[in-house]
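Take a look at the structure:
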């Protein structure tokens, strides 16, 4: 029972670690676009519709391909069709600013929830936004010393994780009673993996930087 | 009962050429005990330690730190000659209470925090209109190669606000002055008298990194200056992004292969920018704007010679994104401080041996 719980926690830890490494790679290497359409007087400003439009245009101008298909409208009150979309990955700290953007559609207003991810907050124009409390931020990095939120907006095949054949993710369990444990007191549960997160095409992914309103 | 985990690593490092300074030493783990031996000091002592010291300077020759010292008691025990030195940084009986040895975790992937971490805000002095720009900040404690982030608030709405939030690599020119790789002696910059900054304690993990461009020559070939040590190599392929606010719109989205480098500049031999519009930082009134940046692309430098027997195994990802973060310990400015007749310290460029252990955790 304890072992099963431990394995469950290790599994979560491993995938979160993978995500954080990829996040940090994107923060280190992706091209940046500062939000400039907001009104909070900072640089970058808070997220605005013009910034989202500029990012979409930049990706389309670089021939980036969108990731998700459109969701057709249906006869349900309060819903709206969702365009085919790039994906944006963001921190939870500016979800309120996202909701305030002109044209925001909450995922609860999608005509169908069949293809909605658990971490999806909604969409604006041709970007669907995923959120996480571990989304990338850069502390005090704005003109006025405020936290900058890094929103990674990506098309298809913009980045990848190169895994090594000999070091794919694996769980390790060593029962008590090994050569150095004659009293059978010690057991080990662990995971290990090796990977190289890597931008494949810098033109198909942008770090859209924003501050809070 | 904790699981047994034991590591030890040893090596040497060199004290900075400019003191006081601080260094992060890579151990591959976070140690629980560290010992430093100043080999240069011992070699120079007449009669040997600990009773005597060479000449007029009190040279430290051994420092010990253990995790159970606790931050409120002391961080470092320094072996001073007869405990004779009472001046800062040695408080009494060889104890150093701050900026001694401390664990360093450059892999602080904490929830909600990016891979970058910053030190405390420092209120400095003037940032000059010059090439390169000079920052004055009393007893800054920085080393050449350190990175700082210029941050607000600025002294006036017109005073260098364009640089807010940008990270620069510094070159130390004095105990109170550093230069940063940008030409601010241009029309759109106004000198500031008070400049706040924060030291970058943990830079972004990964190489090669996106970098902010501070200048591009209109010349053949094009030479690009970055705000930080870019770390690129000859053969690296990069893409330039120049927003229209910076003038040189012809350079936007151009890509090329680097043909020469210095620490903060690189040359793209294939781009002749002599006919381009001049690169110029926008005025404060243009804020907010996106900075000009350079992004590494491709899979890295390709060897110019191929050996037939390695053709099929050639590593085309030899320069793939590389995590350069590490764990270890920091040696602070109260150890790496210039020795004098009143201060126990070291001599610039002393060779110091270290041993670091990690016990049960």
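Residue numbers (the working numbering), protein chains in the order written: chain W, 259 to 471; chain F, 272 to 632.
All C-beta atoms, glycine included, are put in the ideal place defined by N, C-alpha and C.
As the structure is a prediction and not an experimental result, all values here were calculated from the model.
- Cβ-Cβ separation between residue 398(W) and residue 389(F): approximately 6 Å, consistent with a contact (criterion under 8 Å).
- Under DSSP, residue 602(F) takes part in a beta bridge, and its partners are 294(F), 372(F).
- The beta-carbon distance between residue 418(F) and residue 374(F), rounded to whole angstroms, is 21 Å. This is too long to meet the 8 Å contact definition.
- Here residue 420(W) is exposed, its C-beta having fewer than 16 other C-beta atoms within 10 Å.
- Taking 8 Å as the cut-off, the Cβ atoms of residue 288(F) and residue 620(F) count as close.
- In the three-state reduction of the DSSP assignment, residue 310(F) falls in the helix class, which pools H, G and I.
- The closest CA to that of residue 466(W), considering only 399(F), 465(F), 507(F), 560(F), is found on 560(F).
- Put simply, of 409(W), 373(W), 405(W), 371(W) the residue whose alpha carbon is nearest the alpha carbon of residue 389(W) is 409(W).
- If you draw a straight line from the Cα of residue 607(F) to the Cα of residue 291(F), it comes to about 5 Å.
- When secondary structure is reduced to three states using DSSP, residue 555(F) falls in the helix class.
- Checking the DSSP bridge columns, you'll see residue 532(F) partnered with 537(F).
- Under the three-pair Cβ rule at 8 Å, the segment 440-455 of chain F counts as touching the segment 401-414 of chain F.
- Put simply, the backbone Cα of residue 491(F) is about 31 Å away from that of residue 432(F).
- At a beta-carbon threshold of 7 Å, none of the residues of chain F lie near residue 346(W); the nearest stands roughly 16 Å away.
- When only Cα atoms are considered, residue 302(F) and residue 336(F) end up about 10 Å apart.
- Under the three-state reduction of DSSP, residue 433(F) is assigned to helix.
- Under the Cβ criterion (8 Å, minimum of three pairs), the segment 321-335 of chain W does not count as touching the segment 354-363 of chain W.
- Using a Cβ-Cβ distance cut-off of 8 Å, the segment 298-315 of chain W and the segment 342-360 of chain W are in contact, since at least three pairs of beta carbons, one from each stretch, lie closer than that value.
- The beta carbon of residue 412(F) lies closer than 8 Å to those of 291, 292, 293, 604 in the same chain, with the five residues before and after it left out.
- The segment 520-538 of chain F and the segment 495-507 of chain F touch, with no fewer than 3 CB-CB distances between them shorter than 8 Å.
- Secondary structure of residue 314(W) (DSSP, three-state): helix.
- The Cβ neighbour count for residue 515(F), taken over all protein chains shown within 10 Å, is under 16; the residue is labelled exposed.
- Close to residue 460(W), with beta-carbon spacing below 7 Å, are these residues of chain F in chain order: 510, 566, 568.
- Secondary structure of residue 335(F) (DSSP, three-state): strand.
- Residue 302(W) reaches chain F at 559, counting residues in chain order whose Cβ is nearer than 7 Å.
- Put simply, the segment 295-309 of chain F touches the segment 622-632 of chain F. At least three CB pairs are less than 8 Å apart.
- Checking the DSSP bridge columns, you'll see residue 272(W) has no partner listed.
- DSSP lists 279(F), 304(F) as the bridge partner or partners of residue 628(F).
- In the DSSP assignment, residue 463(W) falls within the beta strand (DSSP E) that extends over 463-468.
- Where residue 444(W) is concerned, there is no enclosing alpha helix (DSSP H), because DSSP gives it neither an H nor an E.
- With a beta-carbon spacing of about 6 Å, residue 340(W) and residue 368(W) fall inside the 8 Å limit used to define contacts.
- The beta-carbon of residue 265(W) is placed no less than 8 Å from the nearest beta-carbon of chain F.
- Scanning chain F for C-beta atoms nearer than 7 Å to the C-beta of residue 289(W) yields 481, 512, 564, 566, reported in chain order.
- Here residue 403(W) is not near residue 348(W), since their CB atoms are 8 Å or more apart.
- Interface residue (Cβ-Cβ distance to chain F less than 8 Å): residue 416(W) is not classified as such.
- According to DSSP, residue pairing for residue 470(F) in a beta bridge involves 419(F).
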